[in-house]
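Single-structure report; data block below.
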Amino acid sequence: MGTSSLQLEYTIWKVLILLTYFVSRIICETGDCREQEFRDHDGNCVLCKQCGPGMELSKECGFGYGEDAQCMTCRPNRFKEDWGYQKCKTCLDCALVNRFQKANCSATSNAVCGDCLPGFYRKTKLGGFQDMECVPCGDPPPPYEPH
Ligand SMILES: *[C@@H]1O[C@H](CO)[C@@H](O)[C@H](O)[C@H]1NC(C)=O
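With mature numbering (1 follows the signal peptide of the UniProt record, and there is no 0) applied, the sequence shown corresponds to residues -28 to -1, 1 to 119, in that order.
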C-alpha cells in the first residue's frame, strides 16, 4: 500500500512535469514574437510586411501569427494613404453628413466633402469647433431637459 501511493505520487509528478513542458513550449512558440512579427517555418520571428498606399494585409499579422499574410487592395469604400502596417479605413460618406461631394473616395485617398447641401447648415459645437455633419435648417434643438 505504501508503495502504490508512492507510485501514484510519482505519476502525478510526471504528469505535472510534462504539462509544464508543453505549456512552456506553447508559450515559446507563439508568445515571444513581437507585435509586428510572425513566426516562419523555421521558428524565427520575422517582421510582418508593410503594405503600400491602397493596400493592406490579407490577415492579421503580429505576435507570431500571420505567416502567409499578403498585401491586397483595400476593399471598396476603404482607403489607405501611406505605406505601413495600418489597415485601410472607411471612406467619409458625404451624403451621411449632408454635404456635397468634392472628390470621390479611391483606394489611396479619402472622399472630400464640400459645403452643406441646400436646406442644411453647419452646426458649431461648444468651443467653436465645426462639426462635419450639417443639420437641417429649422430643426428644433434636441430635447435635453426631461419632461
Ligand atoms: C464620383 O463618382 C461618380 C460615379 O462614378 C461620378 O458620377 C461623380 O461625378 C464622381 N464625383 C466626383 C466629384 O468626382
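Glycine included, every Cβ here is placed at the ideal spot set by N, Cα and C. None of the values given here were measured: they were computed from a predicted structure.
Extent of the continuous beta strand (DSSP E) to which T45 belongs: Note, T45: beta strand (DSSP E), C43 to T45.
Bridge-paired residues (DSSP) for K61: F51
First through last residue of the beta strand (DSSP E) which encompasses D87: V84 to C88
Whole-angstrom C-beta distance between W55 and Q22, which should lie under 8 angstroms: 6 angstroms
Candidates C109, K74, A79 and L29: closest to F51 by CA position: A79
Residue environment, R71, which counts as buried when at least 16 other CB atoms sit within 10 Å: buried
Per DSSP, cross-strand counterpart(s) of F10: V18 and G36
Check: N82 C-beta below 7 angstroms from any heavy atom of ligand 1: Relative to ligand 1, the beta carbon of N82 is positioned no closer than 7 angstroms to any heavy atom.
Within-8 angstroms CB hit, T(-18) to chain B: Although the question refers to chain B, the structure presented lacks it and comprises just one protein chain.
Cα-Cα separation between Q58 and C20, rounded to whole angstroms: Straight-line Cα distance between these residues: approximately 11 angstroms.
Three-state secondary structure assigned by DSSP to S(-25): helix
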